[in-house]
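Q: Got a structure for you, written out below as structure tokens; questions coming shortly.
Okay, here's the thing in structure tokens:
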């Protein structure tokens, strides 16, 4: 499915005897579908890597087996979390400014305190950044993880995403077949 605007532009180009423009629009739409498929694959890979890291860390959802480095046993300060991820604390602060992680501030010290969900988000951001994704492309995924309530409920969203991409691909194939028939009949 190219979407209404693109489909209209394709048909306008065809009816104005500008088939190259129509083909360019179709190619761009297919490229967007491919990009969406690659994004989904990267998300699934990142989630698998995150789950593997969690399993290696002792099976906790935060990836912190003993909670070292923070009050309360399951929270972390910026330094220990950055060290666990192999990044600089400034990177975590940049992710916070981008809204990708949302640590609370300790009321007494003002230090950033990352709870289990923040650690999960930081690990996911880290995996996606390693995969070459920019922060603005990561933000919607983090929002979905938060809205789903974690990684496990996100599986339903990923399944839905697969279904929507498959339906879109099939619709685009059907549209291409119909366009070919139309072009052939026009002569």
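Numbering (this note's numbering), first residue to last: 704 to 890. C-beta: ideal position from N, C-alpha, C; glycine also.
1) According to DSSP, which residues form a beta bridge with residue 817?
2) For residue 865 versus residue 743, is the C-beta spacing smaller than 9 Å?
3) Using three-state DSSP, classify residue 791 as helix, strand or coil.
4) Does residue 832 get closer than 9 Å to chain B when you measure Cβ to Cβ?
5) Whole angstroms is fine: what's the gap from residue 777's alpha carbon to residue 879's?
6) Quick check on this structure: which residue in 851, 825, 812, 733 has the alpha carbon closest to the alpha carbon of residue 793?
7) Out of curiosity, what's the CA-to-CA distance linking residue 704 and residue 870?
8) Return the CA-CA distance between residue 745 and residue 837, expressed in angstroms with no decimal places.
9) DSSP beta-bridge partners for residue 840?
A: Taking the coordinates as given:
1) 779
2) In contact: residue 865 and residue 743 (Cβ atoms closer than 9 Å).
3) coil
4) Among the protein chains of the structure shown there is no chain B, as only one such chain exists.
5) 54 Å
6) 825
7) 8 Å
8) 12 Å
9) The partner list for residue 840 (beta bridge, DSSP) is empty, contrary to what the question assumes.
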